[in-house]
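Shown next, in structure tokens, is the structure this report addresses.
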Amino acid sequence: DTEVTQTPKHLVMGMTNKKSLKCEQHMGHRAMYWYKQKAKKPPELMFVYSYEKLSINESVPSRFSPECPNSSLLNLHLHALQPEDSALYLCASSQDSGGYETQYFGPGTRLLVL
Amino acid sequence: LAKTTQPISMDSYEGQEVNITCSHNNIATNDYITWYQQFPSQGPRFIIQGYKTKVTNEVASLFIPADRKSSTLSLPRVSLSDTAVYYCLVGDNSDRGSTLGRLYFGRGTQLTVWP
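Top to bottom, those sequences are chains A and B. With the numbering used here applied, the first sequence corresponds to residues 1 to 114, in that order. With the numbering used here applied, the second sequence corresponds to residues 1 to 115, in that order.
As structure tokens, then:
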């Protein structure tokens with residue numbers, strides 16, 4: 001199984017809402033990632049979890065809060081988002097967190113903030 | 001992190017071979033070169049990875065000259081379904097075993113294949 005799943009596929013939320021994005025992999029990977037991708041732009045790294053510990057936070061605003069409950073799951077909690085946060089949010093995983101490790105991406109969650 | 005430079009777009013016709021070149025002048029000794037493909041509204045997909053010389057798999061070939069300051073992704077006999085954005089990435093393993101791991105996605109190359 002080389003699949004990374006993400007739910008929901010689409011999400012519309014108001015600026016005062018709290019929502020969560022979920023990501024799951026069953027490949028035994030020990031590194032998981034959140035990326036943000038705006039239209040016609042490359043993915044931008046947000047967070048890296050390595051062995052269930054947050055290892056990289058690329059200066060992401062606190063309204064984005066990641067969580068790694070176990071080695072297979074990764075959540076991204078959203079609160080008080082702004083319209084400019086509308087984007088495709090991608091989850092990925094890799095065997096380890098070395099820069100040459102192949103990352104397997106999920107299909108993404110398309111988020112619209114009104 | 002070594003940055004990469006690619007053409008913004010390329011056009012081709014079905015059945016032709018496509019070569020996309022990526023420049024990475026500041027590549028470090030430990031860096032590997034990886035290419036990903038991305039279709040609209042999907043996550044990127046790994047295509048191929050190499051360190052030096054030539055690597056070939058069932059999908060593509062990757063040519064890396066001796067100085068490793070550039071690399072060329074070669075797609076043989078493209079079809080309409082190869083229309084996508086192709087990203088060249090450079091990543092190092094200098095922090096392997098610790099808690100760091102980054103991939104930097106450059107702007108990518110939009111390949112359009114015409115019938």
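Idealized CB from N, CA, C, for every residue including glycine.
Comparing the C-beta of residue i with each C-beta of chain B, is any distance below 8 Å?
i	result
A:H108	The sequence given here has Gly at residue 108 of chain A, not His. Chain B, which has a Cβ nearer than 8 Å to the Cβ of A:G108, makes this yes.
A:F105	yes
A:P61	no
A:T7	no
A:T102	yes
Looking at the C-beta of residue i, does it have a partner C-beta in chain A at a distance below 8 Å?
i	result
B:Y86	no
B:F105	yes
B:Y32	yes
B:G91	yes
B:G108	yes
Residues in the same chain with beta-carbon distance under 7 Å from residue i, minus the five sequence neighbours each way, listed in chain order, please.
i	result
B:N57	I48
B:K52	I64, R68
A:V60	M46, F47
A:N57	F47
B:T99	Low per-residue confidence applies at B:T99: pLDDT is 37, beneath 50, and the placement is therefore not dependable, though the value from the model is reported in the following sentence. Excluding positions up to five away in sequence, the list is empty.
Specify the secondary structure class of residue i as computed by DSSP and reduced to three states.
i	result
B:S81	helix
B:D67	coil
A:D85	helix
A:E44	strand
B:N26	coil
A:I56	strand
A:L90	strand
A:A80	coil
B:V59	coil
A:L114	coil
A:M27	coil
B:K54	strand
B:Q110	strand
A:P61	coil
B:I8	coil
A:M15	coil
A:G108	coil
B:V18	strand
A:K38	coil
Return the Cβ separation of residue i and residue j in integer angstroms, given the expectation that the two are a contact with Cβ distance under 8 Å.
i	j	result
B:T83	B:T112	5 Å
B:V116	B:E14	Given that chain B is displayed from residue 1 to residue 115, the structure contains no residue 116 of chain B and the question cannot be resolved.
B:I33	B:Q110	So it is not a contact: roughly 20 Å between Cβ atoms.
A:L35	A:E24	Position check: residue 35 of chain A holds Tyr in this sequence, whereas Leu was assumed. 16 Å between Cβ atoms; not a contact.
A:G14	A:L114	5 Å
A:Q37	A:L90	6 Å
Closer than 8 Å by C-beta to residue i: which residues in its own chain qualify, once you throw out the five before and the five after it? Chain order, please.
i	result
A:L11	K19, L21, T109, R110, L111, L112
Identify, in the order they occur along the chain, each residue of the same chain with its Cβ nearer than 6 Å to the Cβ of residue i, setting aside the five sequence neighbours on each side.
i	result
B:T5	S23
B:S61	S74
B:C88	T4, Q6, C22, W35
A:Y33	V48, A92
A:C68	Y49, E52, L74
When you compare the CB of residue i with every CB in chain D, is at least one pair closer than 8 Å?
i	result
A:F105	Although the question refers to chain D, the structure presented lacks it and instead comprises the protein chains A and B.
Inset, instruction - Could you name the residues of the segment 34-56 of chain B whose beta carbon sits closer than 9 Å to any beta carbon of chain A, in the order they occur along the chain? - result: T34, Y36, Q38, S41, Q42, G43, P44, R45, F46, Q49, Y51
Inset, instruction - Output, in sequence order along the chain, the residues in the segment 64-94 of chain A whose CB is closer than 9 Å to any CB in chain B. - result: L88, L90, C91, A92, S94
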